[in-house]
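Colleague: Before we start, here is the structure in question, set down as structure tokens.
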Amino acid sequence: MFKLFIVLGSILACCYAVGPLVTASKGEVWPKPQQQETSENYFVILSRTFSFKGPDDIGCPDFLDDAFTRYWTIIATSSSLEQRRQLSEVERQPQQKFWEADDNFVGYMDSLNVELIGECANEAVLPDLGDNENYTLTISSEGSTLSAATIWGVLRGLETFSQLVYVEGESLVVNATIITDFPKFPHRGILLDTSRHFQPVYIILQNLDAMAYNKFNVLHWHLTDDHSFPYKSRTYPELSEKGAYHPVSKVYEQSDVSKVIEYARVRGIRVIPEFDTPGHTSSWGVSHPELLTPCYSDDQPNGQLGALDPTKNSTYAFLTNLFKEVVDVFPDSYIHIGGDTVDFSCWKSNPDVNAFMSDNDISSYEQLDAYFFQNMLSLLDTLNSKYIVESEAFLYGVTLPNNTPVLVRKVGGLDALAALTKAGKSGIYSACWYLDDLSSGGDWEKFYNCEVLDFSGTDEQKKRVLGGEALMWSEFVNEYNIMPRVWPRASAVAEKLWSAQEVNDIEATKPRLEEHTCRMIHRGIAAQPPNGPGNSLVKHSVPNKMSNPPLHLLLLLLVPLASCTDANYYWREYTGKIPADAVVGGADINGENIYIGQAYVKNSGLIPAQINAGVKEVYAPLKGAQKVDRHIKVS
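The sequence shown lines up with residues -17 to -1, 1 to 618 when you count with mature numbering (1 follows the signal peptide of the UniProt record, and there is no 0).
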């Protein structure tokens, strides 16, 4: 028996090596650039003097200055750089001797020149479908330059540069590199469902940060569904008052929506709202039951309500007023009007609906659905809004302009994509990218193996594919588990939508995704391990201005306050007052102790205090605080 244990132990020792299953790469870019030449020669970044140098005569200096600040903060906190900034020249000399003795050391880098070739207005320019996101990046002895025709290309190039920089010992280094890069598809999105489970604004903003790190450019905001109506409408406030999970704490105020849109804009991300119709509208009926179709049993109403009633003029009058507001609040060119998985059972049971169908020569409920959508498209045309529809609208025979994007989810799959592009329509593909579909192990691989263009069609058809979206339905995710559910699994989708078709080697991809996951974790994104056993070494030095606007706290419950960590337990330093209506990169506070300041209570001498629900701002103590009822102030 003793010998058997020895044999088994030997087998296990052979099968499980010590250390990470996949060793992370260093300074590799995600998603992989279209063209890249990298040398083993490297530069050491001079953190004390480094700067991004933009053109002097640019029309949008504020936009670029904010981007420069944001990305330098990201780069600077890749190591304990803040401490090294204080080193004297004498203290730095041993490090310099080490660098200069290395044959691959080329020199020091103190700036990156940023060239914006095109024009840029200082007003709030919005990203749009088809924007030029191309850029070139050169890091060489002759000079280091990022060049792009648009500010969106500059943003993508800055993200790439930030990923090229890595820590070697106690230094920030970057290899000599030449990159020419552009996206494979113009529409690269993530659908975020905030109806099944309400997602606080800070989660949406964290997700936007992660989207920027992965070069996504569309937030498809699935705002409403059967279970809740969290959008607080100016025109019909009763929709959220009665249809949201909570009329105050589980709604998106107009200011919340504006904050999300602006946060996305400066990261080159569009926000496309979806108000799903005619199905998935039970939450609408809590305040407006007249909008929905009464269900019948044995020729009598049974008290149940189904989809929107497509036979009533009053339905379209209501929708006109609502979408007039939506077009005003959401500045993107497009609105998504849903259309998936409509339950026809109430339409089938309702005698008035069937009489309407008979009177109007509508022979099927699919045709009735198409009738509804034809009216919806006419409605949006009068509002000068473009629209995105589900593949059901195309399959049911709705007359669609050729420039109307059609989102293909599970209905039809690649066959539907082939059919609609053959008919001259534009397609967005999502059928294989359901992030709520969990598998064991590193299931990012199943997303990575999905190729949007793997359908039978001509080159012209494939040019009509606009891109795709990863779908995060929230039946089983809330604010506590949504980020690791999305990341880095959505990163696999990001690379499929950005990188060249031939980038498809799973084994070669694993080290890069391992590094990228660690990178996101360090930047405050709660990303799950992609490849199995391993370790993301994260130093507890996170910037106090990782986001713009600065970090916030969401205060909806009574919470004790003393000193602050985020969800990953990184310390944050705050100065001055902190708006309390959102969080950026901070922690969820429901049921937790959340603190403001620099250290634990026992180390700082701070006195815990209670902040009541509804408080709009608190003050961050740095050197002690006084106990008060509604605010903590700097003493």
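By construction, the Cβ of each residue, glycine as well, lies at the ideal position given by its N, Cα and C atoms.
Assuming the contact rule is C-beta atoms closer than 8 angstroms, proline 38 and serine 482 should be a hit. Round their C-beta distance to whole Å, please.
Modeller: To locate residue 38, count along the sequence shown from 1; it is residue 55. To locate residue 482, count along the sequence shown from 1; it is residue 499. Rounded, the Cβ-Cβ distance is 29 angstroms, inconsistent with contact.
Colleague: CB aspartate 208 to CB histidine 271, shorter than 8 angstroms?
Modeller: As a first step, residue 208 must be located in the sequence shown, where it is residue number 225. As a first step, residue 271 must be located in the sequence shown, where it is residue number 288. Not a contact, by the Cβ cut-off of 8 angstroms.
Colleague: Cβ atoms of histidine 180 and glutamate 257: under 8 angstroms apart, would you say?
Modeller: Translated into positions along the sequence shown, residue 257 becomes position 274. Translated into positions along the sequence shown, residue 180 becomes position 197. It is not a contact, given that the beta carbons lie outside the stated cut-off.
Colleague: The alpha helix (DSSP H) with glutamate 428 in it runs from where to where?
Modeller: In the sequence shown, the residue the question calls residue 428 occupies position 445. Segment 427 to 431, the alpha helix (DSSP H) holding glutamate 428.
Colleague: Leucine 366 and valine 310: beta carbons closer than 8 angstroms?
Modeller: Here residue 366 refers to the residue found at position 383 of the sequence shown. Here residue 310 refers to the residue found at position 327 of the sequence shown. Their beta carbons are under 8 angstroms apart, which means leucine 366 touches valine 310 by this criterion.
Colleague: Report buried or exposed for asparagine 190, applying the criterion of at least 16 other Cβ atoms within 10 angstroms of its Cβ.
Modeller: Taking the first residue of the sequence shown as 1, we reach residue 190 at position 207. Looking at its Cβ environment, which holds 16 or more other Cβ atoms inside 10 Å, asparagine 190 is buried.
Colleague: Determine the burial state of tyrosine 463: buried for a count of at least 16 other Cβ atoms within 10 Å of its Cβ, exposed for fewer.
Modeller: To locate residue 463, count along the sequence shown from 1; it is residue 480. Counting Cβ neighbours within 10 Å, tyrosine 463 comes out exposed, since fewer than 16 surround it.
Colleague: May I ask you to verify whether the segment 415 to 431 touches the segment 136 to 150, counting CB pairs closer than 8 angstroms and requiring at least 3?
Modeller: No: the two stretches stay apart, fewer than three of their Cβ pairs being nearer than 8 angstroms.
Colleague: Cα separation between aspartate 192 and aspartate 323?
Modeller: In the sequence shown, the residue the question calls residue 192 occupies position 209. In the sequence shown, the residue the question calls residue 323 occupies position 340. If you take the alpha carbons of aspartate 192 and aspartate 323, they lie about 29 angstroms apart.
Colleague: Determine the extent of the beta strand (DSSP E) in which glycine 90 is found, giving its start and end residues.
Modeller: Indexing the sequence shown from 1 puts residue 90 at position 107. Note, glycine 90: beta strand (DSSP E), 88 to 92.
Colleague: Mind checking who serine 341 pairs with in its DSSP beta bridge?
Modeller: Position 358 of the sequence shown holds residue 341. BP columns for serine 341 are empty, so no partner.
Colleague: If you pair each beta-carbon of the segment 451 to 458 with each one of the segment 145 to 162, do three or more pairs fall below 8 angstroms?
Modeller: The segment 451 to 458 vs the segment 145 to 162: no contact.
Colleague: Given this structure, state the Cα-to-Cα distance separating serine 130 from glutamate 23, to the nearest angstrom.
Modeller: The count along the sequence shown starts at 1 and reaches residue 130 at position 147. The count along the sequence shown starts at 1 and reaches residue 23 at position 40. Distance between the alpha carbons of serine 130 and glutamate 23 is about 23 angstroms.
Colleague: Around the Cβ of histidine 229, are there at least 16 other Cβ atoms within 10 angstroms (buried) or fewer (exposed)?
Modeller: Position 246 of the sequence shown, counted from the start, is the residue given in the question as residue 229. So histidine 229 counts as exposed.
Colleague: Out of curiosity, what's the CA-to-CA distance linking aspartate 398 and valine 435?
Modeller: Start at 1 with the first residue of the sequence shown, and residue 398 comes out as number 415. Start at 1 with the first residue of the sequence shown, and residue 435 comes out as number 452. One C-alpha to the other measures close to 11 angstroms.
Colleague: Does leucine 275 have its Cβ less than 8 angstroms from a Cβ in chain C?
Modeller: No chain C appears in this structure, which consists of one protein chain only.
Colleague: Specify, as a first and last residue, the run of the alpha helix (DSSP H) that asparagine 55 falls within.
Modeller: Residue mapping note: residue 55 aligns to position 72 of the sequence shown, counting from 1. What sits at residue 55 in the sequence shown is tryptophan, not asparagine. 44 to 59 is the extent of the alpha helix (DSSP H) around tryptophan 55.
Colleague: Where do the N-terminal and C-terminal ends of the alpha helix (DSSP H) with alanine 402 fall, by residue?
Modeller: Translated into positions along the sequence shown, residue 402 becomes position 419. Alanine 402 -> alpha helix (DSSP H) spans 396 to 405.
Colleague: Valine 381 and phenylalanine 430: beta carbons closer than 8 angstroms?
Modeller: Within the sequence shown, the letter at position 398 stands for residue 381. Within the sequence shown, the letter at position 447 stands for residue 430. It is not a contact, given that the beta carbons lie outside the stated cut-off.
Colleague: Sorted by chain position, which residues of the same chain lie with C-beta nearer than 7 angstroms to valine 1's C-beta, five sequence neighbours on each side aside?
Modeller: Locating residue 1 in the sequence shown gives position 18, where the first residue counts as 1. Result list for valine 1: empty, nothing under 7 angstroms.
Colleague: Pick out whichever of Val269, Ile134, Phe377, Met340 has its Cα sitting closest to the Cα of proline 110.
Modeller: Locating residue 110 in the sequence shown gives position 127, where the first residue counts as 1. The residue with the shortest Cα to Cα distance from proline 110 is Ile134.
Colleague: Please say whether glutamate 11 and arginine 472 have beta carbons closer to each other than 8 angstroms?
Modeller: Taking the first residue of the sequence shown as position 1, residue 472 is located at position 489. Taking the first residue of the sequence shown as position 1, residue 11 is located at position 28. No. Outside cutoff.
Colleague: Helix, strand or coil for phenylalanine 258 per DSSP?
Modeller: Position 275 of the sequence shown, counted from the first residue, corresponds to residue 258. Strand, per DSSP.
Colleague: Quick check: valine 391 and glycine 407, are their CB atoms within less than 8 angstroms of each other?
Modeller: Position 408 of the sequence shown, counted from the start, is the residue given in the question as residue 391. Position 424 of the sequence shown, counted from the start, is the residue given in the question as residue 407. Not in contact: valine 391 and glycine 407 (Cβ atoms no closer than 8 angstroms).
Colleague: Only counting the same chain, and skipping five residues up and downstream in sequence, which positions put a Cβ closer than 7 angstroms to that of phenylalanine 339?
Modeller: Within the sequence shown, residue 339 is the residue found at index 356, counting from 1. Cβ neighbours of phenylalanine 339 beyond the five flanking positions: Thr294.
Colleague: If contacts are defined as beta-carbon pairs under 8 angstroms, then tyrosine 317 and asparagine 358 qualify, I think. What distance do you get, rounded to the angstrom?
Modeller: Taking the first residue of the sequence shown as position 1, residue 317 is located at position 334. Taking the first residue of the sequence shown as position 1, residue 358 is located at position 375. Their Cβ separation, rounded to whole angstroms, is 19 angstroms, which puts tyrosine 317 and asparagine 358 out of contact at 8 angstroms.
Colleague: Specify, as a first and last residue, the run of the alpha helix (DSSP H) that cysteine 329 falls within.
Modeller: Start at 1 with the first residue of the sequence shown, and residue 329 comes out as number 346. Segment 328 to 332, the alpha helix (DSSP H) holding cysteine 329.
Colleague: Run through DSSP, which three-state label would asparagine 573 get?
Modeller: In the sequence shown, counting from the first residue as 1, residue 573 sits at position 590. Low confidence applies to asparagine 573: its pLDDT is 35, below 50, so where it sits in the model is not reliable, and the reading given next is rough at best. Three-state result, asparagine 573: coil.
Colleague: Looking only at its own chain, which residues have a Cβ that is under 7 angstroms from the Cβ of lysine 493, when we skip the five neighbours before and after it?
Modeller: Translated into the one-based positions of the sequence shown, residue 493 becomes position 510. Once the five neighbours on either side are set aside, the close Cβ partners of lysine 493 are Val5, Asn514.
Colleague: Could you check which residue in Ala50, Glu20, Ile173 has the C-alpha nearest to that of tyrosine 120?
Modeller: Here residue 120 is taken as the residue at index 137 of the sequence shown, counted from 1. Going by the sequence as given, residue 120 is leucine instead of tyrosine. Here the closest residue by C-alpha is Glu20.
Colleague: For the ligand FMN, any of its heavy atoms closer than 7 angstroms to the Cβ of valine 249?
Modeller: This structure lacks the ligand FMN, and indeed carries no ligand of any kind.
Colleague: Which ranges does the alpha helix (DSSP H) cover as unbroken runs of at least 4 residues, wholly within the segment 258 to 326, from first to last along the chain?
Modeller: The segment 258 to 326 contains these whole alpha helix (DSSP H) runs: 296 to 312.
Colleague: Let me know if threonine 500 comes out buried or exposed under the rule of 16 or more other beta-carbons within 10 Å of its beta-carbon.
Modeller: In the sequence shown, residue 500 corresponds to position 517, counting from 1. Threonine 500 is buried by the Cβ-count criterion.
Colleague: Does DSSP classify aspartate 196 as helix, strand or coil?
Modeller: For this step, residue 196 is matched to residue 213 along the sequence shown. Before going further, note that residue 196 is tyrosine rather than aspartate in the sequence given. If DSSP states are grouped into helix, strand and coil, tyrosine 196 belongs with the helices.
Colleague: Return the chain-ordered list of same chain residues with a C-beta closer than 6 angstroms to the C-beta of valine 486, the five sequence neighbours on each side being excluded.
Modeller: By one-based count along the sequence shown, residue 486 stands at place 503. Excluding positions up to five away in sequence, the list reads Lys15.
Colleague: Keeping to the same chain, check which residues put their C-beta closer than 8 angstroms to that of phenylalanine 46; ignore five residues upstream and five downstream.
Modeller: Here residue 46 refers to the residue found at position 63 when the sequence shown is read from its first residue. Around phenylalanine 46: Cys103, Asn105, Val108, Ile134, Val249.
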